[in-house]
Amino acid sequence: MADKGPWRVGVVGYGRLGELEPPRPANPVPSSPSPRQPDLVVEVAHPKIIHESGAQILRHANLLVGSPSALSDQTTERQLLEASQHWNHAVFVARGALWGTEDITRLDAAGGLRSLRVTMATHPDGFRLEGPLAAAQSTGPRTVLYEGPVRGLCPFAPRNSNTMAAAALAAPSLGFDGVTGVLVADLSLTDMHVVDVELSGHPGPRGRSFAVHTHRENPAEPGAVTGSATVTAFWRSLLVCCQLPSRPGIHLC
Ligand SMILES: NC(=O)c1ccc[n+]([C@@H]2O[C@H](COP(=O)([O-])OP(=O)(O)OC[C@H]3O[C@@H](n4cnc5c(N)ncnc54)[C@H](O)[C@@H]3O)[C@@H](O)[C@H]2O)c1
Numbered sequence: 001m002a003d004k005g006p007w008r009v010g011v012v013g014y015g016r017l018g019e020l021e022p023p024r025p026a027n028p029v030p031s032s033p034s035p036r037q038p039d040l041v042v043e044v045a046h047p048k049i050i051h052e053s054g055a056q057i058l059r060h061a062n063l064l065v066g067s068p069s070a071l072s073d074q075t076t077e078r079q080l081l082e083a084s085q086h087w088n089h090a091v092f093v094a095r096g097a098l099w100g101t102e103d104i105t106r107l108d109a110a111g112g113l114r115s116l117r118v119t120m121a122t123h124p125d126g127f128r129l130e131g132p133l134a135a136a137q138s139t140g141p142r143t144v145l146y147e148g149p150v151r152g153l154c155p156f157a158p159r160n161s162n163t164m165a166a167a168a169l170a171a172p173s174l175g176f177d178g179v180t181g182v183l184v185a186d187l188s189l190t191d192m193h194v195v196d197v198e199l200s201g202h203p204g205p206r207g208r209s210f211a212v213h214t215h216r217e218n219p220a221e222p223g224a225v226t227g228s229a230t231v232t233a234f235w236r237s238l239l240v241c242c243q244l245p246s247r248p249g250i251h252l253c
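Heads up, the sequence shown is in the UniProt record's numbering, so the first residue is 1 and it goes up one at a time.
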């Protein structure tokens, strides 16, 4: 696409992420006076948009998915892949708060990833939960609301499982069924989102395993679902995918 000049970018959703104000001075996102035929559509609204319109968008443009929890739905993932191949457009997925995305992908591709667990903790006001999880009560200062496969969490915490969904995409050998997601309500985290990523490799001849644990503390406005560093990360994802070739498939950026 580079020879086509600057990308025309369309945005679905005009909230915290959709304002698309650069968090600090940066090269502006390439834009055009004609918004009608975008090269890239950025979804920053709700996973529902991806379920309902993702494949249709790919008919016309590349797609940057801001709500990767949408891909926990197997039908949606298949439809996006098929449309991407058919129309020769890329599905970019924002890595969001997932620290170490490339390292996870490399280890997975080398066959060295045995387990991957992503824990997201914040104050209960930072959650937007649905279904049975909406009724889950905090029973103390720190309550585990969900622990299990990421696929089982995404439909009920679509706004709070994006990092876990990105991890499932970064590690396809484990995927949405093999990556463990943990959602924790912590009354002490009034202005912070905390993401822990723990992974292990296969035991070596002496029984020892490779292991990594990252701990990310992201300041957030009380009650917000998106922390400030994640807005910066999303902006960077947008700039990066505007520079990548629009090859078919699903690509974390
Ligand atoms: N990938 C990441 O790192 C990451 C980080 C934060 C948020 N998110 C996700 O990105 C999305 C946007 O986040 P945000 O913090 O900007 O949320 P927000 O609530 O501030 O903004 C969402 C906007 O989309 C609009 N919207 C919602 N449903 C819509 C629909 N069906 N059709 C059209 N517009 C609709 C809302 O009116 C609102 O203006 C959410 O799905 C959120 O979970 C992803």
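Just so you know, even glycine gets a beta-carbon here, dropped at the ideal spot from N, CA and C.
Item	Value
Straight-line Cα distance separating His251 from Ser173	15 angstroms
Best match in Leu145, Pro219 and Gln79 for proximity to Glu130 [C-alpha to C-alpha]	Leu145
7 angstroms Cβ shell around Asn162 - same chain, five flanking residues per side excluded	Ser67, Pro68, Ser69 and Gly96
Rounded Cβ spacing between Val225 and Gly181 (contact assumed at less than 8 angstroms)	That belief does not hold up - the Cβ atoms of Val225 and Gly181 are roughly 16 angstroms apart, past 8 angstroms.
8 angstroms contact criterion, which His89 and Ser246 should meet: CB distance rounded	6 angstroms
Which of helix, strand or coil DSSP assigns to Ser84	helix
CB of Gly175 within 8 angstroms of CB of Leu107, strictly	no
Simplified DSSP assignment, three categories, for Ala2	The predicted model places Ala2 with a pLDDT of 44, which falls under 50 and marks its position as unreliable, so this point remains unresolved.
Sufficient close CB pairs (3 or more, under 8 angstroms) joining the stretch 151-159 to the stretch 117-135	yes
Closer than 7 angstroms: Pro47 CB and nearest ligand 1 heavy atom	yes
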